[in-house]
Amino acid sequence: MHPAGSVIVFTVASGLGFGLLTWLGIGLPEVRGWVAFWHYALGFSLAGGGLLASTFHLGNPQRFLMAFSQWRSSWLSREGCLAVAALAVLGLFAIGKIFLEANWQVLGYLGAILAVLTVFATSMIYAQLKTVPRWNHWSTPALFLLLSLSGGGLLAAQILPSMILLALAGALQLAAWLSGDGRFESRGTDIGTATGLGVRGIVRAFEPPHTGNNYLLKEMVHKVGRKHAVKLRLISFALMILMPLGLLMISGTALMVIFAVLLHAIGTFAQRWLFFAEAEHVVGLYYGKR
Amino acid sequence: MTTLPKTTQKKLGLVIDLDTCVGCHACVVSCKGWNTENYGVPLSDQDAYGADPSGTFLNRVHSYEVQPESGPAQLIHFPKSCLHCEDAPCVTVCPTGASYKRQEDGIVLVNEDACIGCGLCAWACPYGAREMDQAAGVMKKCTLCVDRIYNENLPEVDRVPSCVRTCPSGARHFGDLGDETSEVSELVAARGGMDLMPELGTKPVNKYLPPRPKDVIPEFDILAPYLEPVAKTQKGFLGWLDKALEKI
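Sequences listed follow chains B and V, in order.
Just so you know, the first sequence maps onto residues 110 to 399 in the numbering used here.
Just so you know, the second sequence maps onto residues 4 to 251 in the numbering used here.
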């Protein structure tokens with residue numbers, strides 16, 4: 110799949126933002142006044158900025174309001190509704206904390222639940238697609254949620270919980286890479302079932318329908334960079350999991366936490382780039398490609 | 004609404020005969036010609052006369068080589084467009100309600116005025132039937148020529164999809180696949196019509212008729228025994244050379 114920059118920025122930034130807002134919603138850390146203002150400002154700008162970035166890849170973003178209408182069937186619509194609900198509820202909670210010396214904790218818990226559900230809905234946009242076997246697995250939402258909560262936990266300076274969540278995310282990431290590598294083959298979809306001609310012999314794509322490029326090939330048969338996949342996996346795993354964990358083991362000072370967050374964010378960008386670049390869509394089979 | 008109808012009154016669709024398709028791409032051209040100036044925005048091209056041309060098409064013809072266990076390989080031309088699936092994954096993922104499946108005839112359509120151009124429906128489709136128009140930023144797909152098949156301004160013979168009307172080899176058939184007595188249903192039953200990627204559970208309405216088995220010409224030549232080569236071994240100088248080289 111084509112790794113569109115806007116979608117990578119969106120999933121990483123909003124994942125971190127909603128992760129941070131989840132921790133703030135449950136009162137960890139317990140902040141008031143100006144300190145609370147800066148915490149919530151960071152959470153809202155990451156979550157809101159991510160959502161804004163996601164509109165950059167749309168063909169007709171001016172019609173975005175309609176995207177709130179199909180929550181009964183569409184994960185993308187559910188994500189939009191949940192995101193707005195989470196931001197609204199936590200916005201009220203934040204106003205209480207910052208300006209009114211009020212602690213409306215019910216709103217905080219509700220907002221935290223909505224923030225977690227938003228990240229879950231984001232991950233389900235990908236996990237629901239049977240056409241992309243690598244994504245079509247429970248590990249996709251599990252990993253999105255663990256990364257969101259561990260990255261958000263780092264931003265909220267919740268050191269011990271973040272370390273535990275980071276270690277879990279690392280283990281799951283390794284499992285997801287290993288099990289994802291063979292999933293396309295194990296689903297049994299090949300050029301034979303795609304054309305229905307597999308029962309007759311060995312099928313080979315002889316001539317493509319068009320000599321030039323097209324939307325399908327650009328969007329879903331993206332191959333650039335797959336050859337560096339192993340190196341990128343190592344780099345992203347080191348930055349996203351190992352180095353933040355190592356830094357936090359050395360010490361828990363504010364400076365260390367800031368370093369750990371930055372490394373984790375950069376690593377997550379690389380991980381998310383791979384998430385798209387390594388995903389293979391079954392439509393490539395019609396072109397004799399993967 | 005992007006929830007799918009439980010049942011549709013009709014299941015209009017295409018039956019494509021892989022035995023008779025000659026791979027002329029006339030259906031591709033006729034589809035583009037009709038659909039660029041009728042339902043919805045035009046099917047745009049980018050850099051059409053330049054070094055890197057590309058464009059939006061609703062129907063494309065692939066060609067495959069099939070090598071059986073024995074005998075010569077076979078070349079099969081393979082037109083591919085929207086299969087108007089009963090369980091269409093492209094419809095349910097749509098966030099705006101732009102994609103829908105019609106209850107009355109089962110045609111899957113895009114309401115372009117509601118399409119935000121997110122491209123998720125194209126990701127959900129296993130068949131590559133949906134292409135985002137790069138000029139208009141909305142999703143384009145086969146409409147089964149919904150603006151022809153019910154169009155009383157056209158002569159009756161033309162009230163079929165443009166690709167079906169154009170095909171010079173009779174490889175494309177249009178009809179109600181939900182009606183067991185329709186010509187297309189009988190064709191599917193007689194020729195063993197098949198689904199593409201049935202394992203993905205999309206339940207395509209369009210069916211493909213597999214190529215008929217090739218005729219086998221029996222070996223039959225009464226003169227053959229008399230035409231066997233007479234001299235089995237070389238004689239003279241070449242024969243001596245052959246023996247001499249053999250001994251080395």
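Don't be surprised by glycine CBs; every beta carbon is placed ideally from N, CA and C.
On a CA-only basis, which of the options is nearest residue i? Give me that one, please.
i        : options                                : result
Pro250/B : Leu343/B, Val392/B, Arg309/B, Ser232/B : Ser232/B
Val163/V : Gly196/V, Asp150/V, Pro213/V, Pro228/V : Asp150/V
Leu326/B : Cys88/V, Glu134/V, Gly74/V, Val18/V    : Glu134/V
Gly53/V  : Trp213/B, Leu348/B, Gly321/B           : Gly321/B
Ala338/B : Ala388/B, Leu129/B, Thr164/B, Leu130/B : Ala388/B
Ala347/B : Leu394/B, Val312/B, Gly279/B           : Gly279/B
Asn41/V  : Leu244/V, Asn154/V, Tyr229/V           : Asn154/V
Gly168/B : Ala76/V, Thr184/V, Ala139/V, Leu230/V  : Ala139/V
Trp37/V  : Asp161/V, Asp116/V, Val141/V           : Asp161/V
Could you list which residues in chain V have their beta carbon closer than 8 Å to that of residue i, in chain order?
i        : result
Met175/B : Pro98, Thr99, Gly100, Ala101, Ala117, Ile119
Ile117/B : Residues of chain V passing the Cβ test: none, with the nearest at roughly 15 Å.
Val392/B : Cys128, Pro129, Tyr130, Gly131
Leu201/B : Within 8 Å Cβ-Cβ: nothing; Leu201/B doesn't reach chain V, min ~26 Å.
Gly376/B : What Gly376/B touches in chain V: nothing, since even the nearest Cβ is about 26 Å away.
Arg309/B : Val69, Pro71, Gln77, Pro213, Pro214
Using beta carbons (cut-off 8 Å, strictly below), is residue i in contact with chain V?
i        : result
Thr249/B : no
Ala363/B : no
Thr120/B : no
Leu238/B : yes
Ser123/B : no
Phe218/B : The question names Phe, but residue 218/B in the sequence shown is Tyr. It does not; no Cβ of chain V falls within 8 Å.
Ser186/B : yes
Tyr395/B : yes
Counting only beta-carbon separations shorter than 8 Å, does residue i have a partner in chain B?
i        : result
Tyr67/V  : yes
Val111/V : no
Ile79/V  : yes
Pro71/V  : yes
Leu123/V : yes
Lys3/V   : Outside the displayed range of chain V (4 to 251) lies residue 3/V, so it cannot be described from this structure.
Arg63/V  : yes
Glu186/V : no
Do residue j and residue i count as a contact pair if the criterion is CB distance below 8 Å?
i        : j        : result
Asp179/V : Lys14/V  : yes
Cys124/V : Cys97/V  : yes
Leu212/V : Leu190/V : yes
Phe253/B : Val215/B : no
Gly166/V : Ser33/V  : This sequence places Cys at residue 166/V; Gly is not what is there. A contact, by the Cβ cut-off of 8 Å.
Val69/V  : Arg309/B : yes
Leu371/B : Gly261/B : no
Thr377/B : Val118/B : no
Thr298/B : Leu203/V : yes
Lys239/B : Val330/B : no
Ile266/V : Thr99/V  : There is simply no residue 266/V to check, as chain V begins at 4 and stops at 251 in what is shown.
Leu17/V  : Arg194/V : no
Ile344/B : Ala379/B : yes
Gly407/B : Gly136/B : Absent from the model: residue 407/B. The displayed extent of chain B is 110 to 399, so no value can be given.
Ser257/B : Leu281/B : no
Ile375/B : Leu275/B : no
Val94/V  : Lys104/V : yes
His148/B : Val241/B : no
Gly43/V  : Glu328/B : no
Ala156/B : Phe127/B : yes
In chain B, what lies closer than 9 Å to residue i by C-beta?
i        : result
Ala192/V : The premise fails here: Ala192/V is roughly 16 Å from chain B at the closest Cβ pair, so nothing lies under 9 Å.
Pro280/V : Any answer about residue 280/V is impossible in this case: the structure gives chain V only from 4 up to 251.
Report the neighbours of residue i on chain B: residues whose CB is nearer than 7 Å to its CB, in chain order.
i       : result
Ser57/V : Gly321, Asn322, Asn323
Thr5/V  : Gln179, Ser182, Ser183
Which residues in chain V have a C-beta closer than 7 Å to the C-beta of residue i? List them in chain order.
i        : result
Asn169/B : Cys118, Ile119, Gly120, Gly140, Val141
Glu316/B : Ser66
Ala303/B : Leu199, Met200
Glu328/B : Gly122, Ala125
Gly297/B : Glu202
Strictly below 9 Å CB to CB, what residues from chain V border residue i?
i        : result
Glu210/B : Under the 9 Å cutoff, chain V gives no residues; its nearest Cβ is about 40 Å from Glu210/B.
Arg313/B : Tyr67, Glu68, Val69, Gln70, Ala76
Just the chain B side, please: which residues come within less than 8 Å of residue i by C-beta, in chain order?
i       : result
Thr95/V : Ser182, Ser183
Are there three or more Cβ pairs, one per stretch, closer than 8 Å when the stretch 210-224 of chain B is compared with the stretch 263-273 of chain B? no
Given 8 Å, three or more beta-carbon pairs between the stretch 374-388 of chain B and the stretch 22-32 of chain V: no
Would the stretch 155-167 of chain B count as touching the stretch 184-196 of chain B if we require 3 or more Cβ pairs under 8 Å? yes
Given 8 Å as the limit, is there contact between the stretch 354-365 of chain B and the stretch 92-109 of chain V, that is, 3 or more CB pairs closer than that? no
Decide if the stretch 44-61 of chain V is in contact with the stretch 287-295 of chain B; the criterion is three or more beta carbon pairs, one per stretch, under 8 Å apart. no
Across the stretch 183-191 of chain B and the stretch 134-154 of chain B, are there enough close Cβ pairs to call them in contact, namely three or more that are closer than 8 Å? no
Is there contact between the stretch 82-91 of chain V and the stretch 127-141 of chain V, where contact requires at least three CB pairs shorter than 8 Å? yes
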